[in-house]
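> I am attaching a structure below and will ask some questions about it afterwards.
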Amino acid sequence: MLEAFRHIVHAGRNSLAGLSHLLATELAARIEIAASVLAFVWLIVLGRGAGDFVTLLVIFCVLMSVEALNTAIERIVDRESPEISEFARVTKDLGSTAVFFLLTAAGIFLLAVTADSAGLISL
């Protein structure tokens, strides 16, 4: 049991170190956090229920996960293919595409709850 606790603590430290690196080195991650804070404020303005806040929080967590994985992919590609190459370009573009689709999902969600609050649709 003690070994499991140590493993969890160690994994938590690694995760926090990764988050720290992500925030220190990736402008996109900092922008996404700021946009997410604004999205939460928007839900408050709209008077949305707890379910919408939970949904947005889950989308945010998935977005940050994909952003971290995209950053990891970029680091690996930069190390393995430091020269300009088609491989590097395509690989980085694919990681960026994954982030784009999550940002799109967040935007669709916010548009839908806004339209619901305005009485344009019913969720």
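Going by this note's numbering, the sequence shown wraps up at 139, each residue one higher than the last. Don't be surprised by glycine CBs; every beta carbon is placed ideally from N, CA and C.
Under DSSP, the alpha helix (DSSP H) around arginine 64 begins and ends at which residues?
As a first step, residue 64 is located in the sequence shown; it is residue number 48 there, counting from the start. Run containing arginine 64: none; DSSP gives neither H nor E here.
> Among Asp132, Ile75 and Ser81, which one has its Cα closest to the Cα of glycine 65?
Locating residue 65 in the sequence shown gives position 49, counting from the first residue. Closest option to glycine 65, Cα to Cα, is Asp132.
> Run the CB neighbour count on phenylalanine 76, radius 10 Å, all protein chains shown included, and call it buried at 16 or more, exposed below.
Taking the first residue of the sequence shown as 1, we reach residue 76 at position 60. Result: buried.
> Please work out which residues of its chain come closer than 8 Å, Cβ to Cβ, to arginine 105, disregarding the five sequence neighbours upstream and downstream, and give them in chain order.
The sequence position of residue 105 within the sequence shown is 89, counting from 1. Here the set comprises nothing.
> Would you report the Cα separation of threonine 107 and glycine 135, rounded to the nearest angstrom?
Residue mapping note: residue 107 aligns to position 91 of the sequence shown, counting from 1. Residue mapping note: residue 135 aligns to position 119 of the sequence shown, counting from 1. In this structure, the straight-line span from the alpha carbon of threonine 107 to that of glycine 135 is close to 42 Å.
> Could you give the first and the last residue of the continuous alpha helix (DSSP H) run that contains isoleucine 24?
In the sequence shown, residue 24 corresponds to position 8, counting from 1. Note, isoleucine 24: alpha helix (DSSP H), 18 to 41.
> How is alanine 84 classed by DSSP in three states: helix, strand or coil?
Taking the first residue of the sequence shown as 1, we reach residue 84 at position 68. Note: alanine 84 maps to helix in three-state DSSP.
> Excluding the 5 residues preceding and the 5 following leucine 43 in the sequence, name in chain order all residues of the same chain whose CB lies nearer than 6 Å to its CB.
Mapped onto the sequence shown, residue 43 falls at position 27. Excluding sequence neighbours, leucine 43 sits near nothing in its chain.
> Considering only C-alpha positions, which residue in the set Val82, Ser101, Ala122 and Arg95 is nearest to threonine 113?
Start at 1 with the first residue of the sequence shown, and residue 113 comes out as number 97. Per the Cα distances, Val82.
> Determine the DSSP secondary structure at isoleucine 124, reduced to helix, strand or coil.
Indexing the sequence shown from 1 puts residue 124 at position 108. In the structure shown, isoleucine 124 falls within a helical segment according to DSSP collapsed to helix, strand and coil.
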